[in-house]
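See structure below.
Number of protein chains: 2
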Amino acid sequence: MNPTLSQRAQKLTSSVIREILKITERPEVISFAGGLPSPDTFPVERVLAATQTILTTAPTPALQYGPTEGYLQLREWIAARHSTGSVRIDPADVLVTTGSQQALDLLGKTLIDSGSRVLVETPTYLGALQAFSLSEPTYVSVPSDEHGPQLEMLTKEDLSGARFMYCLPNFQNPTGRRIPLARREQLAKVAVEAGLLVVEDDPYGALSYSGDALPTLKSMMPENVVYLGSFSKVLTPGLRVGYLIAPQALHRKLVQAKQAADLHTPSFTQRIVYECVKDGFLDTHIPTIRELYRQRCQVMLEAMQEHFPKGVSWNRPEGGMFIWVNLPTGMDSVELLQKAIAENVAFVPGAPFFANEPQRNTLRLSFVTVPPERIQRGIAALGALIERESVGLKV
Amino acid sequence: MNPTLSQRAQKLTSSVIREILKITERPEVISFAGGLPSPDTFPVERVLAATQTILTTAPTPALQYGPTEGYLQLREWIAARHSTGSVRIDPADVLVTTGSQQALDLLGKTLIDSGSRVLVETPTYLGALQAFSLSEPTYVSVPSDEHGPQLEMLTKEDLSGARFMYCLPNFQNPTGRRIPLARREQLAKVAVEAGLLVVEDDPYGALSYSGDALPTLKSMMPENVVYLGSFSKVLTPGLRVGYLIAPQALHRKLVQAKQAADLHTPSFTQRIVYECVKDGFLDTHIPTIRELYRQRCQVMLEAMQEHFPKGVSWNRPEGGMFIWVNLPTGMDSVELLQKAIAENVAFVPGAPFFANEPQRNTLRLSFVTVPPERIQRGIAALGALIERESVGLKV
Chain R
0 MNPTLSQRAQ KLTSSVIREI LKITERPEVI SFAGGLPSPD TFPVERVLAA
50 TQTILTTAPT PALQYGPTEG YLQLREWIAA RHSTGSVRID PADVLVTTGS
100 QQALDLLGKT LIDSGSRVLV ETPTYLGALQ AFSLSEPTYV SVPSDEHGPQ
150 LEMLTKEDLS GARFMYCLPN FQNPTGRRIP LARREQLAKV AVEAGLLVVE
200 DDPYGALSYS GDALPTLKSM MPENVVYLGS FSKVLTPGLR VGYLIAPQAL
250 HRKLVQAKQA ADLHTPSFTQ RIVYECVKDG FLDTHIPTIR ELYRQRCQVM
300 LEAMQEHFPK GVSWNRPEGG MFIWVNLPTG MDSVELLQKA IAENVAFVPG
350 APFFANEPQR NTLRLSFVTV PPERIQRGIA ALGALIERES VGLKV
Chain F
0 MNPTLSQRAQ KLTSSVIREI LKITERPEVI SFAGGLPSPD TFPVERVLAA
50 TQTILTTAPT PALQYGPTEG YLQLREWIAA RHSTGSVRID PADVLVTTGS
100 QQALDLLGKT LIDSGSRVLV ETPTYLGALQ AFSLSEPTYV SVPSDEHGPQ
150 LEMLTKEDLS GARFMYCLPN FQNPTGRRIP LARREQLAKV AVEAGLLVVE
200 DDPYGALSYS GDALPTLKSM MPENVVYLGS FSKVLTPGLR VGYLIAPQAL
250 HRKLVQAKQA ADLHTPSFTQ RIVYECVKDG FLDTHIPTIR ELYRQRCQVM
300 LEAMQEHFPK GVSWNRPEGG MFIWVNLPTG MDSVELLQKA IAENVAFVPG
350 APFFANEPQR NTLRLSFVTV PPERIQRGIA ALGALIERES VGLKV
């Protein structure tokens, strides 16, 4: 029999990234396509010690059902970590999620009706588009430059009635760009004036190569922002522990939606995270991740400088895991990918990261899981391919 | 600011069970309200050994992102476990979910449009209603007796065009009833004839007190059934590992919906489950759970026989975690609960388990986490309360 699918299911398509990842699992492929953190940074010994502590001292609550809101001690730790001089985060506003991705799902469910307007950056995180699209919104792509979204370029009509703006201010996936302070202040001003809710997705905020940090949008306009955080990029992703911080009225609805979604995030993984981080471990651990990623980013940038032909441009990220590339006008990165895979190099085409009109001559490179020698070899091969493909273009 | 909520979020309410559980956390309350398995059954040593094996032999894949479909070795184990002489389950049809609850969420997303007809038992599992209701279906309550749903009492009009029937054939939450073989055969016949998809939710199937098992609906009509399984009741719930088995066309859509929901179930917890079960552990472990629950069920049934007044009736479960009680006509179990809590006894009122017209004189009792002496004391207090309340009723 053929079950009748819901309209939203009929529109569902698989993530291009994930399909590509399957192709590129062959060891001979040098893949810049992944969004995976480097396993060299996983604190295996610490996770092992945490599991032993938990299972020998208080196994029952770690293995039993728990509250939907999350493990209280972890919520308190998260609240304290995000409290600054001027802004105090209440643990009651924290909801532990099964990875940050789940927060996107819960926000879609609680805030979007079919046809609701949702503002997104140009480009934006593909996984957010996938999650929101199940509720069938109308996306408004906010004009964006190398400093991020230009909210002030929208009309009052664009802003009014939008359910929220989704924004990734730090080392955005896919572009790697960070919104500078002045742009953040401007964004906060426009949002507060318009009564606009902002979803601030911040999985990479701690990964500034120089170790500096800009104020979060949450700290600038606490009542207007739902903040999303994650342990995937600073501890390990395989535990699937993320969180959101939301104003109480919305928090209550998100808790109810989460109850229906998976009852709660695993009691055990929440406690492992808490055991790993409670003593300030991240303060010594994160700098080692930053340094590794800074070095590999540097290697890739130097290789690009050497091997990429004229007509190709890219940014120089100040943190995070990604570099964004603009190919010569007229070149399609999906077509380029087919040829690149034949030469055992992979990347992610830029098109799926656009909510509306895609810029087909863009692509995303990740450097964090690839050793320096392979970065150089892969970039050299990719540069030569782009150069060959450029010849045929009418520029 | 007050964010604009989606229509479905405006209708969301918190689970009555979870709100009550919060009240009844006081140690002096004898709670028959929980749906928690007994922590006496948690194999702590085995989980500890599993974590050590995983983190000392192959830590990286356990801590890294993984495929949305789940850990392949676990999926193969699940497929083999559910393959019988006549029916072979393909690992490709298995999707690991973050608890069985997530399977309900994914099915709602992929199969229900606003107003779609969904058939449910009378009563049915509250958590399924919560998950499906986010997609705003129209529920059709299938007439049900002590042997389960009577699908043949529905008209062709009721059946045709229904997106699916949701059914919990073994030791149902909340009634504890099991659908006998003849009724299963009848149900399968009607479903196949009508081209009706059946969601078979089976978290308690292994908990038959005598150890017997009836054929699953999946084995009777593989193409018509999505089967949901869970490790929560036979291993531990705090790991949040469940699974579904679905025909390929639907499986693909469920994988895509899961990708948007949480990318994948934690790599680590999936491997813990696999390490715990791969050597046949459940075959010796499950009988110890059955025996514990059988004994406690027996204690509760004897106490009910002794202390519950005339006019109260209940079933005698052959397995699982619940007894279903019919109070005298006219008595409202929500009102009774207020008075019971004042006397330090708790249960779950039956009304929220009905998709449409509730039977307000019903309630659910769980016995699995309460020691025998407290079962007797709690049932005695509840019996006395019901007797006092009966006096005022015009019967």
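Chains as they are written, first to last, in numbering that gives the first Met the number 0: chain R, 0 to 394; chain F, 0 to 394.
C-beta atoms are modelled at their ideal positions from N, C-alpha and C, and glycine is treated no differently.
Kindly indicate if chain F contains any beta-carbon less than 7 Å away from that of residue i.
i: Thr50/R; result: yes
i: Gly69/R; result: no
i: Pro236/R; result: yes
i: Pro316/R; result: no
i: Asn223/R; result: yes
i: Gln129/R; result: yes
i: Ala194/R; result: Note on residue identity: the sequence assigns Gly, not Ala, to residue 194/R. Taking Cβ atoms only, chain F reaches closer than 7 Å to Gly194/R, which makes this a yes.
i: Pro327/R; result: no
i: Arg162/R; result: yes
Would you mind telling me which residues of chain F sit closer than 8 Å to residue i, beta carbon to beta carbon, in chain order?
i: Ser134/R; result: Ser5
i: Pro90/R; result: By Cβ distance, chain F contributes nothing, its closest Cβ being about 16 Å from Pro90/R, past 8 Å.
Give me the DSSP bridge partner(s) of residue i.
i: Val197/F; result: Met164/F, Val224/F
i: Asp282/F; result: Answer is none; Asp282/F lacks a bridge partner.
i: Gln343/F; result: It is Asn, not Gln, that sits at residue 343/F in the sequence shown. Asn343/F pairs with nothing; no bridge assigned.
i: Tyr70/F; result: According to DSSP, which records beta bridges pairwise, Tyr70/F is partnered with nothing at all.
i: Trp323/R; result: Arg363/R
i: Val95/R; result: Tyr242/R
What residues of chain F sit near residue i, judged by a beta carbon separation below 7 Å?
i: Phe267/R; result: Gly237, Leu238, Thr268
Alpha carbon to alpha carbon, what distance is there between residue j and residue i?
i: Ala61/R; j: Ser266/R; result: 5 Å
i: Glu199/F; j: Pro148/F; result: 13 Å
i: Ala8/R; j: Val189/F; result: 27 Å
i: Gln375/R; j: Glu317/R; result: 20 Å
i: Val394/R; j: Ile385/R; result: For Val394/R, the pLDDT reaches just 49, beneath the cut-off of 50, and the residue's location in the model is therefore unreliable, although a value from the coordinates is still provided. One C-alpha to the other measures close to 14 Å.
i: Pro136/R; j: Ala127/R; result: 12 Å
i: Pro214/F; j: Thr50/F; result: 34 Å
i: Leu364/R; j: Arg315/R; result: 12 Å
i: Tyr242/R; j: Leu392/F; result: 50 Å
i: Arg116/F; j: Gly194/F; result: 14 Å
i: Leu158/F; j: Gly175/F; result: 26 Å
i: Tyr208/R; j: Tyr138/R; result: 33 Å
i: Leu336/F; j: Met303/F; result: 17 Å
i: Lys155/F; j: Lys252/F; result: 28 Å
Does residue i get closer than 7 Å to chain R when you measure Cβ to Cβ?
i: Asp331/F; result: no
i: Glu199/F; result: no
i: Gly241/F; result: no
i: Val394/F; result: Low confidence applies here, because Val394/F scores a pLDDT of 49, under 50, leaving its location unreliable; read the following figure in that light. No - not a single Cβ of chain R is within 7 Å of the one on Val394/F.
i: Met0/F; result: yes
i: Ala102/F; result: no
i: Ala260/F; result: yes
i: Pro26/F; result: no
i: Leu47/F; result: yes
i: Asp112/F; result: yes
i: Gly98/F; result: yes
i: Pro38/F; result: yes
i: Ser54/F; result: For clarity, residue 54/F is Leu in the given sequence; the question names Ser instead. By this cut-off, Leu54/F is an interface position.
Chain R partners of residue i, CB-CB under 8 Å?
i: Lys108/F; result: Ser5, Arg7, Ala8, Leu133
i: Phe41/F; result: Pro58, Thr59, Leu62, Gln63
i: Ala256/F; result: Ala8, Leu11, Leu133
Would you mind telling me which residues of chain R sit closer than 7 Å to residue i, beta carbon to beta carbon, in chain order?
i: Val95/F; result: Neighbours of Val95/F on chain R: none; closest Cβ ~12 Å, over 7 Å.
i: Val189/F; result: Near Val189/F there are no residues of chain R at all, since even the closest Cβ is about 13 Å away, more than 7 Å.
i: Lys252/F; result: Leu4, Ala8, Leu11
i: Leu249/F; result: Pro2
Applying a beta-carbon distance threshold of less than 9 Å, which residues of chain R neighbour residue i?
i: Pro122/F; result: Ordered by position in chain R, no residue passes the 9 Å Cβ test against Pro122/F, which lies about 18 Å from the chain.
i: Ala345/F; result: In chain order: nothing, as chain R lies at least about 16 Å away.
For residue i, go through chain A and note every residue whose CB falls closer than 7 Å to its CB, in chain order.
i: Tyr64/R; result: The structure shown contains no chain A; its protein chains are R and F.
| task | Assess, as a yes-or-no matter, whether the stretch 84 to 102 of chain F is touched by the stretch 256 to 264 of chain R under the definition of 3 or more beta carbon pairs within less than 8 Å. | result | yes
| field | Three or more C-beta pairs below 8 Å linking the stretch 368 to 376 of chain F and the stretch 321 to 336 of chain F | value | The stretch 321 to 336 of chain F and the stretch 368 to 376 of chain F do not touch, with fewer than three beta-carbon pairs separated by less than 8 Å.
| Is the stretch 104 to 115 of chain R in contact with the stretch 81 to 91 of chain R, if contact means three or more CB pairs nearer than 8 Å? | no
| Counting pairs of beta carbons, one from the stretch 210 to 230 of chain F and one from the stretch 223 to 242 of chain R, are three or more of them closer than 8 Å? | no
| field | Inter-stretch contact (C-beta, 8 Å, three-pair minimum) for the stretch 299 to 316 of chain F and the stretch 338 to 347 of chain F | value | no
| said: With a threshold of 8 Å, are at least 3 pairs of Cβ atoms found where one atom belongs to the stretch 287 to 296 of chain F and the other to the stretch 38 to 46 of chain F? | reply: yes
| task | Determine contact between the stretch 200 to 210 of chain F and the stretch 143 to 158 of chain F, defined as no fewer than three beta-carbon pairs at a distance below 8 Å. | result | no
| query | Does the count of Cβ pairs from the stretch 158 to 170 of chain R and the stretch 115 to 133 of chain R closer than 8 Å reach three? | reply | yes
| Are three or more beta carbon pairs between the stretch 64 to 74 of chain F and the stretch 269 to 283 of chain F nearer than 8 Å? | yes
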